[in-house]
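Data first, discussion second: the structure below is written as structure tokens.
Protein chains: 2
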Amino acid sequence: MEKSYIGVDVGGMSIKGGIVTFDGKILYKSTKKTDAKLGMGTFLKDIKNLILDLLENAKSLKTSVKAIGFGIPGVVNTEKGTIDFATNLYMENVPLAEYLKDLHLPVYLSNDANVACLGEAKFGAAKGFKNVILLTLGTGIGGGLILDGKLYEGNEGKGAELGHATIVVDGISCSCGRKGCFERYASASALLKYTKEEMLNNKQSLMWDFAKGDIENVDGLTSFECAKKGDMSANFVVDKYIKYLGEGVLNYCNIFRPEIILLGGGVSNQGSYLIDKVTAYCASRNYGYKGTPKVIIECASLKNDAGIVGAAALAMEREGN
Amino acid sequence: MEKSYIGVDVGGMSIKGGIVTFDGKILYKSTKKTDAKLGMGTFLKDIKNLILDLLENAKSLKTSVKAIGFGIPGVVNTEKGTIDFATNLYMENVPLAEYLKDLHLPVYLSNDANVACLGEAKFGAAKGFKNVILLTLGTGIGGGLILDGKLYEGNEGKGAELGHATIVVDGISCSCGRKGCFERYASASALLKYTKEEMLNNKQSLMWDFAKGDIENVDGLTSFECAKKGDMSANFVVDKYIKYLGEGVLNYCNIFRPEIILLGGGVSNQGSYLIDKVTAYCASRNYGYKGTPKVIIECASLKNDAGIVGAAALAMEREGN
Numbered sequence: 001m002e003k004s005y006i007g008v009d010v011g012g013m014s015i016k017g018g019i020v021t022f023d024g025k026i027l028y029k030s031t032k033k034t035d036a037k038l039g040m041g042t043f044l045k046d047i048k049n050l051i052l053d054l055l056e057n058a059k060s061l062k063t064s065v066k067a068i069g070f071g072i073p074g075v076v077n078t079e080k081g082t083i084d085f086a087t088n089l090y091m092e093n094v095p096l097a098e099y100l101k102d103l104h105l106p107v108y109l110s111n112d113a114n115v116a117c118l119g120e121a122k123f124g125a126a127k128g129f130k131n132v133i134l135l136t137l138g139t140g141i142g143g144g145l146i147l148d149g150k151l152y153e154g155n156e157g158k159g160a161e162l163g164h165a166t167i168v169v170d171g172i173s174c175s176c177g178r179k180g181c182f183e184r185y186a187s188a189s190a191l192l193k194y195t196k197e198e199m200l201n202n203k204q205s206l207m208w209d210f211a212k213g214d215i216e217n218v219d220g221l222t223s224f225e226c227a228k229k230g231d232m233s234a235n236f237v238v239d240k241y242i243k244y245l246g247e248g249v250l251n252y253c254n255i256f257r258p259e260i261i262l263l264g265g266g267v268s269n270q271g272s273y274l275i276d277k278v279t280a281y282c283a284s285r286n287y288g289y290k291g292t293p294k295v296i297i298e299c300a301s302l303k304n305d306a307g308i309v310g311a312a313a314l315a316m317e318r319e320g321n
Numbered sequence: 001m002e003k004s005y006i007g008v009d010v011g012g013m014s015i016k017g018g019i020v021t022f023d024g025k026i027l028y029k030s031t032k033k034t035d036a037k038l039g040m041g042t043f044l045k046d047i048k049n050l051i052l053d054l055l056e057n058a059k060s061l062k063t064s065v066k067a068i069g070f071g072i073p074g075v076v077n078t079e080k081g082t083i084d085f086a087t088n089l090y091m092e093n094v095p096l097a098e099y100l101k102d103l104h105l106p107v108y109l110s111n112d113a114n115v116a117c118l119g120e121a122k123f124g125a126a127k128g129f130k131n132v133i134l135l136t137l138g139t140g141i142g143g144g145l146i147l148d149g150k151l152y153e154g155n156e157g158k159g160a161e162l163g164h165a166t167i168v169v170d171g172i173s174c175s176c177g178r179k180g181c182f183e184r185y186a187s188a189s190a191l192l193k194y195t196k197e198e199m200l201n202n203k204q205s206l207m208w209d210f211a212k213g214d215i216e217n218v219d220g221l222t223s224f225e226c227a228k229k230g231d232m233s234a235n236f237v238v239d240k241y242i243k244y245l246g247e248g249v250l251n252y253c254n255i256f257r258p259e260i261i262l263l264g265g266g267v268s269n270q271g272s273y274l275i276d277k278v279t280a281y282c283a284s285r286n287y288g289y290k291g292t293p294k295v296i297i298e299c300a301s302l303k304n305d306a307g308i309v310g311a312a313a314l315a316m317e318r319e320g321n
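Residue numbers (this note's numbering), protein chains in the order written: chain A, 1 to 321; chain B, 1 to 321.
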């Protein structure tokens, strides 16, 4: 019987799971709506029901599930199999692995950006590279690290918090308690903030038309789409965003000197328009160091299935495959 | 016959080498004065002569040298065994491994901070820890990384440039071509700069006495020693230095979440006075993230022999020991 792995992508409003083969193919996929606000009991039950459904389908598909992997939007303890702290789930100290004990399958969990990076390295845009960094540009900035071919997670699995490195000492306050964190300057939230600030500075900007005259309609597209049409204010916003993103990317070039840095999350939907600008910013600064090998900057490629495939990839790696 | 490894610590004015056992004991040590300014030919010959002397002594000591490791103050290519770029040696593209081919021994090289970190992890202050970061606080800031128990060097061995991550976007210009690099704010050179600036602000400071009235006498001790005596200006300098050092240390806590961060280089001679202040700075900021495990901050312990022992440790690791 063919071996497979279950990958579960946990979110605050839905839990997505899939049965994934060795080569990253999803045999079966299922989504369960949930509401993390209802508390840990309901949430854990929803997760277990989703997995029971997947296991039932694995039988029909004549595949043998070897382990379950989870991508968690928060801080986990990889050794204990607990979710220690997850703002978006409104939860702390969730004993996930313990709760799933009676399934009699190995359960592994990691941060969602970590598993997404692993998925990209095994099956996506970073396939074949030894040192890979993923930056997910969303509400914050998540980070994932593949170093010397293996997922690097740090003590208790709590490393790779690449959004929480200060790039501006005494800069903007961050939810983590520090000031000037990278994610305060280069997340999708930062982009929205720059967009709104500039719109208030220039009421003539095309961005007002794009937002139908209401600043509440501003989203991640507003500045980029108007910049493409030549709007000066929009270009100012995009250039400002690229500068901060570029500085963070250059930092990670120098710290890790990876072969490739992937950009994921909402902002990465800008594709080559974004990549070309970040690459040009970094190249013009010689990647920060003389004679160092080029770092490829690319978009993550697994998109919507990244969470499922990445979580399954975690289970594969942990099982030694 | 007992196995041993040669470790060579390369500097611009002297080359230090030693025969090192498995357990990090130096059996024999030798130093050769050189002058990198005389060029590559003389320099390479001096290195070879030092090694021939060491090999001769290994015979008398009845130990069998298995490999040679080098710590290089600059950018190397670990795969090719070349020194690509080393400002302090006034050299580029030095084919070191190729030149030593006729010794018929495996030759390995890495950046000096990398090998020092490896030495500390195998035989020094970080013994027994899985994830270790070394920051050497000297003219610049060197970085070394032990991740999941192994030396991490990045593509071509050109990673771990921990001094060249921007902590102040648009900050002070750095020799690397970027602005606001960590080493511009927390190296020994930065400490000297802060000291001199503050002395010019306050002609009454005790630091003037300590420097015998001549600002050219300022060194790494000036501010620290006068701060211990209660001088306000000196305390201002030390606090400013600790703040920037602390911000960089917190960044590396969040990026790597190691078990321990070691401080080496001249500034680390301040010992527990320095460590207590940096630890307090970081602890008051909750190490940047809720619920994360503590990171120990300590001084490197191998001191003067760190280069030799570390370079030998590199040879051991590369040979699979």
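For glycine and all other residues, C-beta sits at the position ideal for the given N, C-alpha and C.
Quiz item: the stretch 139-166 of chain B: which residues have C-beta closer than 9 Å to a C-beta of chain A, in chain order?
Solution: For the stretch 139-166 of chain B, the beta-carbon criterion of a distance under 9 Å to any beta-carbon of chain A is satisfied by G143, L145, L147, D148, K150, Y152, E153, G154, N155, E156, G157, K158, G159, A160, E161, L162, G163, H164, A165 and T166.
Quiz item: Which bits of chain B does F256 (chain A) rub up against, with CB to CB less than 7 Å?
Solution: In the first sequence, counting from the first residue as 1, residue 256 (chain A) sits at position 256. Result: G154 and G159.
Quiz item: Nearest CA to the CA of L105 (chain A): which residue from A:G12, A:V278, A:A211 and A:L55?
Solution: What you label residue 105 (chain A) is simply residue 105 of the first sequence in a count that begins at 1. Closest option to L105 (chain A), Cα to Cα, is A:L55.
Quiz prompt | Spatially closest choice to S268 (chain B) from B:I141, B:K130 and B:E216, by CA coordinates | solution = Position 268 of the second sequence, counted from the first residue, corresponds to residue 268 (chain B). Comparing C-alpha distances from S268 (chain B) to each of B:I141, B:K130 and B:E216 shows the shortest one belongs to B:I141.
Exercise. Per DSSP, which residues does Y194 (chain B) bridge with? Please list them.
Key: Sequence index remark: in the second sequence, residue 194 (chain B) carries index 194 (1-based). Answer is none; Y194 (chain B) lacks a bridge partner.
Quiz item: If you count every other CB in all the chains shown that lies within 10 Å of the CB of S4 (chain A), and 16 or more means buried, which is it?
Solution: On the first sequence, position 4 is the one that residue 4 (chain A) refers to. With a 10 Å radius around the Cβ and a threshold of 16 neighbouring Cβ atoms, S4 (chain A) comes out buried.
Quiz item: From K37 (chain A) to N88 (chain A), what does the alpha carbon distance come to, in whole angstroms?
Solution: For the purposes of this step, residue 37 (chain A) is taken as residue 37 along the first sequence, with counting starting at 1. For the purposes of this step, residue 88 (chain A) is taken as residue 88 along the first sequence, with counting starting at 1. So the alpha carbons of these two residues sit roughly 9 Å apart.
Exercise. Whole angstroms is fine: what's the gap from A211 (chain B)'s alpha carbon to L263 (chain B)'s?
Key: Stepping through the second sequence from its first residue, residue 211 (chain B) is reached at position 211. Stepping through the second sequence from its first residue, residue 263 (chain B) is reached at position 263. Rounded to whole angstroms, A211 (chain B) to L263 (chain B) spans 26 Å at the Cα level.
Quiz item: Using Cβ-Cβ distances below 9 Å, what residues of the stretch 234-262 of chain B are close to chain A?
Solution: Taking 9 Å as the upper bound on Cβ-Cβ separation, chain A lies near residues K243, Y244, E247, G248, L250, N251, Y252, C253, N254, I255, F256, R257, P258 and E259 of the stretch 234-262 of chain B.
Quiz item: According to DSSP, what are the bridge partners of F70 (chain B)?
Solution: The residue given as residue 70 (chain B) occupies position 70 in the second sequence. Answer by DSSP bridge pairing, in chain order: B:V8 and B:L109.
Self-check item: DSSP beta-bridge partners of V237 (chain A)
Solution: For this step, residue 237 (chain A) is matched to residue 237 along the first sequence. Its beta-bridge partners do not exist; DSSP assigns none.
Quiz item: What's the gap between the Cα of L314 (chain B) and the Cα of I68 (chain A)?
Solution: Stepping through the second sequence from its first residue, residue 314 (chain B) is reached at position 314. Stepping through the first sequence from its first residue, residue 68 (chain A) is reached at position 68. Taking the straight line from one Cα to the other gives about 38 Å.
Quiz item: Residues of chain A with CB under 9 Å from D112 (chain B), in chain order?
Solution: Position 112 of the second sequence, counted from the first residue, corresponds to residue 112 (chain B). Per Cβ cutoff of 9 Å: no residues; D112 (chain B) is ~16 Å from chain A at best.
Exercise. With DSSP collapsed to three states, give me the class of S14 (chain B).
Key: The residue you call residue 14 (chain B) lines up with position 14 of the second sequence. Three-state DSSP puts S14 (chain B) in a strand.
Practice problem: Would you mind telling me which residues of chain A sit closer than 9 Å to T136 (chain B), beta carbon to beta carbon, in chain order? | Solution: Taking the first residue of the second sequence as 1, we reach residue 136 (chain B) at position 136. In chain order: nothing, as chain A lies at least about 15 Å away.
Self-check item: Exposure of L147 (chain A), with buried meaning 16 or more beta-carbon neighbours within 10 Å
Solution: As a first step, residue 147 (chain A) is located in the first sequence; it is residue number 147 there, counting from the start. Its Cβ being crowded by 16 or more others within 10 Å, L147 (chain A) is buried.
Exercise. Can you have a look at Y241 (chain B) and say buried or exposed, based on whether 16 or more other CB atoms are within 10 angstroms of its CB?
Key: The residue labelled residue 241 (chain B) in the question sits at position 241 within the second sequence. Y241 (chain B) is buried by the Cβ-count criterion.
Self-check item: Beta-carbon separation (whole angstroms), S14 (chain B) vs T31 (chain B), contact threshold 8 Å
Solution: The count along the second sequence starts at 1 and reaches residue 14 (chain B) at position 14. The count along the second sequence starts at 1 and reaches residue 31 (chain B) at position 31. About 6 Å separates the CB atoms of S14 (chain B) and T31 (chain B); that is less than 8 Å, so the two are in contact.
Exercise. Under 6 Å Cβ to Cβ from V8 (chain B), same chain only, skipping five residues before and after it: list those, please.
Key: Translated into positions along the second sequence, residue 8 (chain B) becomes position 8. Counting only Cβ-Cβ distances below 6 Å, and skipping sequence neighbours, we find G17, F70 and A311.
Quiz item: What first and last residue would you give for the beta strand (DSSP E) that runs through Y185 (chain B)?
Solution: Indexing the second sequence from 1 puts residue 185 (chain B) at position 185. Looking at the DSSP string, Y185 (chain B) is not in any beta strand (DSSP E); the run it does join, the alpha helix (DSSP H), is E183 to A186.
Quiz item: Taking 8 Å as the CB-CB limit, is G39 (chain B) close to chain A?
Solution: As a first step, residue 39 (chain B) must be located in the second sequence, where it is residue number 39. With 8 Å as the cut-off, G39 (chain B) does not count as an interface residue toward chain A.
Quiz prompt | Interface partners of V169 (chain B) on chain A, CB under 9 Å | solution = By 1-based counting over the second sequence, the position of residue 169 (chain B) is 169. Neighbours of V169 (chain B) across chain A, judged by C-beta separation under 9 Å: I167, V168, G171, G180, Y185, K243, Y244 and E247.
Quiz item: Can the beta-carbon of A188 (chain B) be found closer than 8 Å to that of G266 (chain B)?
Solution: Mapped onto the second sequence, residue 188 (chain B) falls at position 188. Mapped onto the second sequence, residue 266 (chain B) falls at position 266. Yes, these two residues count as a Cβ contact at 8 Å.
Quiz item: Just to confirm, are V132 (chain B) and E120 (chain B) a CB contact at a threshold of 8 Å?
Solution: Working through the second sequence from its first residue, we reach residue 132 (chain B) at position 132. Working through the second sequence from its first residue, we reach residue 120 (chain B) at position 120. With contacts defined as CB atoms closer than 8 Å, V132 (chain B) and E120 (chain B) qualify as a contacting pair.
Exercise. Could you tell me whether the Cβ of R318 (chain A) comes closer than 8 Å to any Cβ of chain B?
Key: Numbered from 1 along the first sequence, position 318 holds the residue referred to as residue 318 (chain A). No, its Cβ sits nowhere closer than 8 Å to a Cβ of chain B.
Self-check item: Positions along the stretch 75-95 of chain A whose CB lies within less than 7 Å of some CB in chain B
Solution: Cβ contacts with chain B: V75, D84 and F85.
Exercise. Can you check DSSP and say which residues form a bridge with E2 (chain B)?
Key: The sequence position of residue 2 (chain B) within the second sequence is 2, counting from 1. In the DSSP output, where bridge partners are listed per residue, E2 (chain B) has B:T63.
Quiz item: Beta-carbon separation of Y185 (chain A) and Y244 (chain A) under 8 Å?
Solution: Locating residue 185 (chain A) in the first sequence gives position 185, where the first residue counts as 1. Locating residue 244 (chain A) in the first sequence gives position 244, where the first residue counts as 1. Yes; because the gap between Cβ atoms is below 8 Å, this pair is in contact.
Quiz item: Whose Cβ in chain E lies nearer than 9 Å to the Cβ of P106 (chain B)?
Solution: Protein chains in the displayed structure are A and B, and chain E is not among them.
Quiz item: Cα-Cα, which of B:G180, B:G154 and B:K203 is closest to H164 (chain B)?
Solution: Within the second sequence, the letter at position 164 stands for residue 164 (chain B). Of the listed residues, the one whose Cα sits closest to H164 (chain B) is B:G180.
Self-check item: Per-residue burial, L200 (chain A) [other beta carbons within 10 Å of its own, 16 or more giving buried]
Solution: As a working mapping, residue 200 (chain A) is identified with position 200 in the first sequence. Exposed, by the Cβ-count rule.
Exercise. Using three-state DSSP, classify D102 (chain A) as helix, strand or coil.
Key: Translated into the one-based positions of the first sequence, residue 102 (chain A) becomes position 102. D102 (chain A) sits in a helix when the DSSP states are folded into three classes.
Quiz prompt | chain A contacts made by the stretch 45-73 of chain B, where a contact means CB separation under 9 Å | solution = Against chain A - using a Cβ distance shorter than 9 Å - the stretch 45-73 of chain B contributes no residues.
Exercise. Check each candidate in A:R285, A:G143 and A:Y28 and name the one with the smallest Cα separation from K294 (chain A).
Key: Within the first sequence, numbered from 1, the residue matching residue 294 (chain A) stands at position 294. The option with the nearest alpha carbon to K294 (chain A) is A:R285.
Quiz item: Is there at least one non-hydrogen atom of the ligand GDP closer than 7 Å to the beta-carbon of F236 (chain A)?
Solution: Although the ligand GDP was asked about, the structure shown includes no ligands whatsoever.
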